[in-house]
Amino acid sequence: LPVEFLQALPVLKKIIAHGFEAYFVGGSVRDVLLGREIHDVDIATSAYPEEIKAIFPHTIDVGIEHGTVLVLAGKSEAEHYEITTFRTESQYTDYRRPDHVDFVRDLREDLKRRDFTVNAFACDVNGEIIDLFDGLTDLSERRLRAVGSALARFNEDALRIMRALRFASTLDFKIEQETFQAMCERAPLLEKISVERLFIELDKLLLGKDWRNGVELLISAQAWKFLPNFQQDALEKLLTDLSVDFQFENSEQAWAALLTKFEQVDVKAFLRQWKVSNEFSKAVADLVEAYGLEEWTLMSLYRFGSDKARLVDDLKRASGIAVDPKKVQLLDKALQIHQRSEIVVAGKDLMEEFAIKPGPALGKMLKRIEEKIVRNELLNERQAIFAEVSQALTKEKSF
Ligand code: ATP
Ligand code: MG
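Per the numbering used here, residue -7 is the first one in the sequence shown, and the count goes up by one each step.
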């Protein structure tokens, strides 16, 4: 067992000592078997939520209606475990969330409701793998296969189509034929899924190690048709323009890369449809705009900042566009300031020194000073700035 599981072992043993069953389940078991890093340890149990709460003194109801209780086995976050009662889900009348969940005492029922065979393992306290759907074979052949009837499973919850594409990217798996057929057939149901949930999966897809595999499957399953604003052309360009081994560094860069492949796109309007945060939207819009710049200048570097400049340059380089690797570094060194607050003179200093009143004229003056400092036409020093202001004021008066 990996350390993460060993650490959680006392929790499982305590549940078992109270006469219930408890197993590691879900993505962490899959990732352990694949030798991948694990990020969250999911535990499933035959005990009902109330029974879990009676066993452990410190718990939080994080999703009790779904059967999930957070057990605080220690102070650190690593010792907090989500423990979910075995459950079945039924009647997906809207093709998305189950209408209700039923708690059950049988592990097999719980594993049956899971999406893919490699996500449907359970692992007991001895490290014994329970594999009801031949997931180990799929795992060794790096293949994603729906548990049970693929058509029925995508009918129940169409998000699973996006999850399949996402796992194809992050795990570098192929998709078993019947499962893929069902994805193609049921792709129109993606329109029923909230964009927020689609975004999460698509984002993970783009950041996955084998995002090309994910994007290729997104195209061949024609699933892109049911994603807001998507275009096949743009996806294809993304594949052809970027060098084969390129990995996106973060979400902003990935979405910016995609959006540069659209012709004449209003980035913010595009992303509004995806209901992302304004902050995210602005960051992506900045990257797309900066991508369109011929080359960096003091002014544009100041405006976008060196972090974004680097993301843009990496993207350009991966697209075979020549970029001077030293340029950003040199310009960044040449910048006297990186943000307005670094200007040694503030608005109130000007008001005092020159008896200027607050208002648009003052704002304009500050902007002018800022630009001159960024362009290195003015030193960021009190005297130099005052001299500049005084000169500008005299000029204004002489008109
Ligand atoms: P990740 O590595 O991203 O956490 P994961 O497989 O653990 O991947 P989660 O979303 O954390 O995915 O879900 C945990 C488990 O719950 C899955 O492994 C799967 O067994 C089950 N599951 C999650 N979402 C669904 C779904 N939409 N339909 C069926 N089973 C699901
Ligand atoms: Mg998980």
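Backbone N, C-alpha and C fix where the C-beta goes; we use that ideal spot for every residue, glycine too. Quantities reported herein were computed from a predicted structural model and do not represent experimental measurements.
If you compare the alpha carbons of 206, 194 and 162 with that of residue 172, the shortest gap goes to 206.
Counting only the Cα atoms, residue 297 lies some 22 Å from residue 338. The DSSP-derived three-state label of residue 252 is helix. Counting along the chain, residue -3 sits inside the alpha helix (DSSP H) bounded by residues -5 to 9. For residue 19, the CB falls within less than 7 Å of some heavy atom of the ligand MG.
Residue 343 counts as exposed, since fewer than 16 other C-beta atoms from the protein chains shown sit within 10 angstroms of its C-beta.
Taking the Cα of residue 229 as reference, the smallest distance to any Cα among 250, 54 and 210 is reached at 250. Take the alpha-carbon of residue 30 and the one of residue 69: they are about 15 Å apart. Residue 7 and residue 112 have their C-alpha atoms some 21 Å from each other.
A contact between stretches requires three or more CB pairs, one per stretch, nearer than 8 Å, and the region 106 to 120 meets this requirement with the region 128 to 141. Annotated three-state conformation of residue 21 is helix, per DSSP.
At a cut-off of 7 Å, the beta-carbon of residue 102 does not count as near the ligand MG: no heavy atom of the ligand is closer than that. Closer than 7 Å to some heavy atom of the ligand ATP: that describes the Cβ of residue 151. Counted as a single uninterrupted DSSP element, the beta strand (DSSP E) harbouring residue 82 occupies residues 79 to 82. The region 243 to 261 and the region 274 to 283 touch, with no fewer than 3 CB-CB distances between them shorter than 8 Å. Under the three-state reduction of DSSP output, residue 85 falls in the coil class, being neither helix nor strand.
Unbroken alpha helix (DSSP H) runs of no fewer than 4 residues, entirely contained in the region 173 to 215, are found at 187 to 199 and 203 to 212, following chain order. Below 8 Å, too few C-beta pairs join the region 251 to 264 and the region 285 to 293 to call them touching: fewer than three. Cβ-Cβ distances below 7 Å link residue 385 to 346 in the same chain, with the five nearest sequence neighbours on each side left out; the list follows chain order.
Taking a cut-off of 8 Å for Cβ pairs, the region 221 to 241 and the region 176 to 193 do not touch, as fewer than three such pairs fall below it.
Residue burial is scored here from C-beta neighbours: residue 291 has fewer than 16 other C-beta atoms within 10 angstroms and is therefore classed as exposed. Residue 123 carries a coil assignment under DSSP once its states are collapsed to helix, strand and coil. Short of 6 Å from the beta carbon of residue 97, and not among the five residues preceding or following it, lie these beta carbons of its own chain, in chain order: 38. Residue 32 has its CB nearer than 7 Å to a heavy atom of the ligand MG. The ligand ATP never approaches residue 147 closely enough for any of its heavy atoms to be under 7 Å from the residue's Cβ. Residue ranges of uninterrupted alpha helix (DSSP H) with 4 or more members, entirely inside the region 12 to 79 and ordered along the chain, are 19 to 25 and 41 to 47.
Within the chosen limit of 7 Å, the ligand ATP does not reach the beta carbon of residue 341 with any heavy atom.
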